[in-house]
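The structure appears right after this line, and notes come after that.
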Amino acid sequence: MTKTLYIAGPEVFYPDAKTVLARKREMAADYGFDVIGPGLGFGTLPDDKHAAGIAIARINEEVMQRADVMIANMTPFRGISTDVGTAFEIGFFCALEKPVFAYTNDPRDFGPRTAAEWYKGDVSQDEAGKLRANTDGQSVEAHGFADNLMLDGGIFARGGQVLRPSGDALLPTSDLSVYEEALKCAKATLG
171 MTKTLYIAGP
181 EVFYPDAKTV
191 LARKREMAAD
201 YGFDVIGPGL
211 GFGTLPDDKH
221 AAGIAIARIN
231 EEVMQRADVM
241 IANMTPFRGI
251 STDVGTAFEI
261 GFFCALEKPV
271 FAYTNDPRDF
281 GPRTAAEWYK
291 GDVSQDEAGK
301 LRANTDGQSV
311 EAHGFADNLM
321 LDGGIFARGG
331 QVLRPSGDAL
341 LPTSDLSVYE
351 EALKCAKATL
361 G
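Going by the working numbering, 361 is the number at position 191 of the sequence shown; the sequence numbering is gapless.
Okay, structure coming up:
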């Protein structure tokens with residue numbers, strides 16, 4: 171039986187969103203997945219922006235409830251971390267006890283990325299050996315994950331994977347090679 175796939179990520183905000191999402195759907199179909207969302211149309215939405223936003227959120231939640239598996243793009247978006255909407259979708263899917271296969275085009279761990287980009291390298295270890303920002307004293311999460319432990323941890327706890335590029339180079343957002351690795355991993359795991 172064909173598995174239904176929900177593709178999560180910030181691509182809906184890209185200037186070439188339709189093209190990128192069409193390519194991702196095509197690639198997923200090549201691996202035997204039936205992509206059911208998001209970005210496949212929302213029907214008629216309310217004219218009021220607030221009401222339209224709520225309607226889109228509810229539609230996406232309903233689609234996630236019907237999906238068998240999620241592929242999530244965790245590449246940092248508008249900051250040092252995963253797109254906040256994608257983070258919600260990952261959490262929602264994990265709460266449904268469904269598998270998520272995530273990827274990022276950034277090979278760095280979350281801790282070093284946070285230290286370098288958010289704190290501009292102004293960090294040091296405290297007496298207990300915990301990495302802390304010198305500016306505000308906050309600890310810098312360092313679990314070897316691609317992002318916050320609740321995202322990676324939730325994914326791994328349900329049999330999913332978080333894939334990153336090999337090497338040190340940050341891949342451009344247009345590069346779908348790690349997305350394809352996530353598709354392969356999902357296919358191999360789910361059969």
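All C-beta atoms in this analysis are idealised placements derived from N, C-alpha and C, irrespective of residue type, glycine included. Everything numeric in this text was worked out from a predicted model, so none of it was measured.
Legend entry - C-alpha gap between F263 and A356, whole angstroms: For the purposes of this step, residue 263 is identified with residue 93 of the sequence shown, where counting begins at 1. For the purposes of this step, residue 356 is identified with residue 186 of the sequence shown, where counting begins at 1. Spanning the two alpha carbons is a distance of roughly 15 Å.
Inset, instruction - State the Cα-Cα distance for the pair M234 and E287, rounded to the nearest angstrom. - result: As a first step, residue 234 must be located in the sequence shown, where it is residue number 64. As a first step, residue 287 must be located in the sequence shown, where it is residue number 117. M234 and E287 have their C-alpha atoms roughly 33 Å apart.
Inset, instruction - Determine the contact status of L301 and A316, defining contact as a CB-CB distance below 8 Å. - result: Taking the first residue of the sequence shown as position 1, residue 301 is located at position 131. Taking the first residue of the sequence shown as position 1, residue 316 is located at position 146. Cβ atoms of L301 and A316: not closer than 8 Å.
Legend entry - Proximity below 8 Å, CB of L333 to CB of Y273: Your numbering for residue 333 matches position 163 in the sequence shown. Your numbering for residue 273 matches position 103 in the sequence shown. Yes.
Legend entry - Within the region 252-300, ranges of the alpha helix (DSSP H) (whole runs, at least 4 residues): The qualifying runs are 254-265 and 280-283.
Legend entry - T172 - DSSP class collapsed to helix/strand/coil: Sequence index remark: in the sequence shown, residue 172 carries index 2 (1-based). Residue state for T172 is assigned as coil, using DSSP reduced to three classes.
Legend entry - Candidates G324, G179, D292 and L321: closest to S309 by CA position: One-based indexing of the sequence shown puts residue 309 at position 139. When each option's Cα is compared against that of S309, the closest is D292.
Inset, instruction - Would you tell me roughly how many angstroms separate the C-alpha atoms of T305 and Y289, rounded to the nearest one? - result: Position 135 of the sequence shown, counted from the first residue, corresponds to residue 305. Position 119 of the sequence shown, counted from the first residue, corresponds to residue 289. Cα to Cα, the separation comes out at about 8 Å.
Inset, instruction - Tell me, to the nearest whole angstrom, how far the beta carbon of K194 is from that of L346; I am working on the premise that it is less than 8 Å. - result: Residue 194 sits at position 24 when you count from the first residue of the sequence shown. Residue 346 sits at position 176 when you count from the first residue of the sequence shown. Yes, K194 and L346 are in contact; Cβ-Cβ is about 7 Å, under 8 Å.
Legend entry - Alpha carbon of R182 to alpha carbon of V190, nearest angstrom: Start at 1 with the first residue of the sequence shown, and residue 182 comes out as number 12. Start at 1 with the first residue of the sequence shown, and residue 190 comes out as number 20. Note that residue 182 is Val in the sequence shown, not Arg. Cα to Cα, V182 sits roughly 9 Å from V190.
Inset, instruction - For R328, name the three-state secondary structure that DSSP assigns. - result: Here residue 328 refers to the residue found at position 158 when the sequence shown is read from its first residue. Residue state, collapsed to three classes: coil.
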